[in-house]
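Asks: Residue numbers (full-length UniProt numbering): 1 to 308.
Idealized CB from N, CA, C, for every residue including glycine.
Structure (structure tokens):
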């Protein structure tokens with residue numbers, strides 16, 4: 001479990017770590033004026049909420065040493081000179097030199113900030129069982145010409161179809177253009193089952209409403225439609241974490257939201273680092289508070305049942 005002192009998000013009692021940031025005034029999001037120190041302060045506020053999604057599991061990182069306007073690279077393995085509070089995780093199926101990245105506590109998260117990590121992308125499984133995912137993700141990625149209302153409608157349809165199998169669904173903004181529907185799982189099914197289940201759901205939605213949805217990555221087929229991206233649900237794939245910042249203009253956040261909030265939102269990049277820093281008390285309610293208790297398994301019977 002995390003070792004840093006924690007308090008409820010937005011309580012004003014943020015954790016205090018051992019890391020002193022170098023160049024805390026370095027600007028990472030010039031348009032929003034967000035610095036490295038601001039990023040650290042933001043993660044201190046959301047630490048109690050983000051913890052279960054990024055601690056003690058493999059992480060991929062989007063690092064931008066010069067901010068969002070400079071070079072960026074997607075880091076899946078450890079690197080020379082890595083902060084001492086960032087962990088090395090060994091994937092049992094890879095060779096001994098393929099070390100993955102992880103953190104165990106708040107100091108680890110601050111190590112990521114110190115390393116110019118502007119996005120955190122966890123695996124859908126933990127080292128407790130590398131081969132059995134503990135979440136399922138359907139990424140609703142809109143093509144050109146798709147309005148926000150259509151994305152919300154798609155998310156609700158995914159939720160409805162999942163409910164037919166007794167699976168709970170939680171929504172979050174992507175911090176980009178779309179929504180993510182996330183399913184908490186008991187880690188009993190393997191990766192092949194998880195991918196097969198999500199693939200079937202996506203393909204059936206696309207078959208039922210071909211004018212609205214596609215389940216193929218091909219950009220030529222996506223104009224005016226929503227891609228139901230199920231490919232996050234395979235071994236080694238990652239998806240941006242709840243509460244992670246995005247390396248995009250405005251310093252947006254991939255923000256968990258209640259289903260009842262969706263109609264009042266204006267877009268997937270609505271929530272920003274500045275919002276939380278300026279109004280931390282508004283962050284008190286947790287729309288995903290039941291995420292862990294809602295876990296259910298994917299079963300073999302689900303794979304042979306119609307998802308509509």
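Please work out which residues of its chain come closer than 6 Å, Cβ to Cβ, to residue 142, disregarding the five sequence neighbours upstream and downstream, and give them in chain order.
Replies: 151, 177, 178, 226
Asks: Rounding to the nearest angstrom, what Cα-Cα distance links residue 250 and residue 300 in this structure?
Replies: Whole-angstrom Cα-Cα distance: 44 Å.
Asks: Name the DSSP bridge partner or partners of residue 35?
Replies: 27
Asks: Let me know the secondary structure DSSP gives residue 123 once reduced to three states.
Replies: In the three-state scheme derived from DSSP, where H, G and I count as helix and E and B as strand, residue 123 is classed as strand.
Asks: Using the Cβ count rule (16 or more neighbours within 10 Å means buried), how would you classify residue 175?
Replies: Flag for residue 175 reads buried.
Asks: So which of 52, 135, 69, 167 has the shortest CA-CA distance to residue 109?
Replies: 52
Asks: Using C-beta distances below 7 Å, list every residue in its chain close to residue 295, excluding the 5 sequence neighbours before and after it, in chain order.
Replies: In chain order, 184, 185, 186 place their CB closer than 7 Å to the CB of residue 295, counting only its own chain and leaving out the 5 sequence neighbours on each side.
Asks: How about the region 107-125 and the region 70-84: do they share at least three Cβ pairs that are nearer than 8 Å?
Replies: By the C-beta criterion, the region 107-125 is judged to be in contact with the region 70-84, since at least 3 inter-stretch pairs fall below 8 Å.
Asks: Is the distance from the Cβ of residue 102 to the Cβ of residue 56 below 8 Å?
Replies: Going by C-beta atoms, residue 102 is nearer than 8 Å to residue 56.
Asks: Buried or exposed: residue 222, going by 16 or more other Cβ atoms within 10 Å of its Cβ?
Replies: buried
Asks: Does the beta-carbon of residue 49 have 16 or more other beta-carbons within 10 angstroms, so that it is buried, or is it exposed?
Replies: buried
Asks: Residue 45: buried (16+ other C-beta within 10 angstroms of its C-beta) or exposed?
Replies: Residue 45 should be labelled buried.
Asks: Mark residue 218 as exposed unless 16 or more other C-beta atoms lie within 10 angstroms of its C-beta, in which case mark it buried.
Replies: exposed
Asks: Report the three-state DSSP secondary structure of residue 187 (helix, strand or coil).
Replies: coil
Asks: To the nearest angstrom, how far is the alpha carbon of residue 6 from that of residue 106?
Replies: Confidence at residue 6 is low in this model, with a pLDDT of 40, below 50, so its placement is unreliable and no value can be given for it.
Asks: Here's a check: name, in chain order, each residue in its chain whose Cβ is nearer than 6 Å to the Cβ of residue 196, leaving out the five neighbours to either side.
Replies: Setting aside the 5 residues that flank it on each side, residue 196 is surrounded in the same chain by 303, each with a C-beta closer than 6 Å to its C-beta; the list follows chain order.
Asks: Using a 10 Å radius around the Cβ and a threshold of 16 neighbouring Cβ atoms, would you call residue 233 buried or exposed?
Replies: buried
Asks: Using only the alpha-carbon positions, how far apart do residue 146 and residue 267 sit?
Replies: The alpha-carbon atoms of residue 146 and residue 267 are separated by roughly 12 Å.
Asks: Decide if residue 17 is buried, meaning its Cβ has at least 16 other Cβ atoms within 10 Å, or exposed.
Replies: buried
Asks: Quick check on DSSP: helix, strand or coil for residue 60?
Replies: strand
Asks: Pairs of beta-carbons, one from the region 82-89 and one from the region 259-266, closer than 8 Å: are there three or more?
Replies: no
Asks: Fully enclosed by the region 168-221, which alpha helix (DSSP H) runs are 4 residues long or longer?
Replies: 191-208
Asks: Considering only residues of the same chain and omitting the five flanking positions on each side of residue 238, which have a CB-CB separation below 7 Å?
Replies: 60, 121, 122, 123
Asks: Is it buried or exposed, residue 70, if we count other Cβ atoms within 10 angstroms and call 16 or more buried?
Replies: exposed
Asks: Under a three-way DSSP split, which group does residue 137 fall into?
Replies: strand
Asks: Considering only residues of the same chain and omitting the five flanking positions on each side of residue 166, which have a CB-CB separation below 7 Å?
Replies: 296
Asks: Starting from residue 106, trace the beta strand (DSSP E) both ways and give me its first and last residue.
Replies: That residue, residue 106, is in no beta strand (DSSP E); its alpha helix (DSSP H) goes 106-114.
Asks: Can the beta-carbon of residue 171 be found less than 8 Å from the beta-carbon of residue 257?
Replies: Contact: yes.
Asks: Return the CA-CA distance between residue 88 and residue 65, expressed in angstroms with no decimal places.
Replies: Those two C-alpha atoms are separated by around 21 Å.
Asks: Residue 313 by DSSP, collapsed to three states: which one?
Replies: Since the first residue of the chain shown is 1 and the last is 308, residue 313 is not available in this structure.
Asks: Compare the Cα-Cα distances from residue 231 to each of 173, 130, 284, 198 and report the closest residue.
Replies: The closest CA to that of residue 231, considering only 173, 130, 284, 198, is found on 198.
Asks: Under the three-state reduction of DSSP, which class applies to residue 295: helix, strand or coil?
Replies: coil
Asks: On the three-state DSSP scale, how would you describe residue 277?
Replies: helix
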